[in-house]
Amino acid sequence: MDRPTTLEDAARELAARTRPSRVWNEAESVLAFLLLVYLDPARLGGTKIRADGSSSQHPAVTLLSEIIGRSTDAVSWKIQNQRFVLSGGARGAPGRSARDVEVVDRYARHLDALWAAVETMSVHLPRLPALLDALGYPGGDAADAAAVASGTAVRSRGIAIPAGGTSVRREGVARRGQRPFRERVLANYGNQCALCEFRPATPRSAALFLRAGHIRPWADADDHQRLDPANGLSLCVVHDRAFEGGLFTLAEDLAVVTAPRARELFEDDASFEKAIGGMNQRIDLRRKDFERPGAEYLSFHREVIFGRAAWGT
Ligand SMILES: [Zn+2]
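Just so you know, we're using my numbering here: the sequence shown kicks off at 3 and counts up by one.
See the structure below:
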């Protein structure tokens, strides 16, 4: 667990606070970063003014502003500053603080640690589950499974708060982050299969047919690797199984490499072609903000999954 004492102290201080502090403490910064990571960036543009003159904010921004006792503008401002830091343009960001740099450094590539931090803080901040609801991540494992299975978001459950103490149930953390992992991975590939470009039309069909597959498999991965978007590949169910089974892998330049014996699994050339032959020869890299799969994950897949695939004959 990353520095539970500091973060817990900050959460406790925040819960007991009666007037806003000038400086954002660690818990507040981490919560702002949670919004940066999981809110649609298009919705962070600040306050939207309605035709009747009233204004609206994303509910998560409003809720966080209530939890920490700051204005919604202050929350939006903080998130924008962290976004500058995240995009590397940090040095000149006007509101940049050392704390923001630290928070971004610590969590940007470690979403498992971010979710563990959320759990730690939830012990002291009873409104955190509502914030997760507002973000669209109810957090309960059963709720997540149901949401994926039904293709609809289940919004009524809060995150489980560890009973009577501050211990974090590590085994729950990786699962809790699965839905955000899935969404980030799918979005990175334009919500379609990276291989055949199958593109589901509805959330229901996406839930049924599109997967955020792990390049280094879940069973061989640690918490960080299980939630690292660089370890994910958006694949339709057929190509997810084929990738899992080592029928094909990806070279360093993301060229598709089919196993020499993959053909043996199919009755004839035509069915082989239908299943595997229609794939792209290479993962499409043209999109500007495409996040490449991690080299270390790809080499694991090549060496262990593809190299030792025990099928055929
Ligand atoms: Zn496919």
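Beta carbons are placed, not taken as given, at the ideal position from N, Cα and C, and that holds for glycine.
Fair warning: this is a prediction, and the values are worked out from it, not measured in the lab.
DSSP, reduced to helix, strand and coil, places L41 outside both helices and strands of the structure shown, so it counts as coil. Under DSSP, L249 shares a beta bridge with no residue. In the displayed model, H60 falls within coil according to three-state DSSP, outside both helix and strand.
With the criterion CB distance below 5 Å from any heavy atom of ligand 1, the matching residues run C195, L197, C198, F200, C238, H241 along the chain. Between D114 and H226 a beta carbon distance of about 5 Å is seen, short of the 8 Å cut, so the two are scored as contacting.
For R265 and S273, the gap between their C-alpha atoms comes out near 9 Å.
The straight-line gap separating the alpha-carbon atoms of E246 and V306 is approximately 11 Å. Annotation: the continuous beta strand (DSSP E) that includes V258 extends over 258 to 260. With contacts defined by Cβ atoms closer than 8 Å, L66 and L133 form a contacting pair.
Within the segment 185 to 266, the alpha helix (DSSP H) runs of at least 4 residues that lie entirely inside it are, in chain order, 205 to 211, 225 to 229, 239 to 246.
Note: R284 is bridge-paired with A257 in the DSSP secondary-structure output. Looking only at G71, D75, I70, the smallest Cα-Cα distance to H60 is reached by D75. Its Cα nearest to that of T64, the residue A136 stands out among K276, A136, R21. The shortest CA-to-CA distance from R108 to any of R289, S124, L127, L36 is the one to L36. Just so you know, the alpha carbons of R213 and V239 end up roughly 6 Å apart. In this structure G90 is exposed. Its beta-carbon is surrounded by fewer than 16 other beta-carbon atoms within 10 angstroms.
A62 is positioned such that its CB atom lies no closer than 8 Å to that of L88. In the three-state reduction of the DSSP assignment, F274 falls in the helix class, which pools H, G and I.
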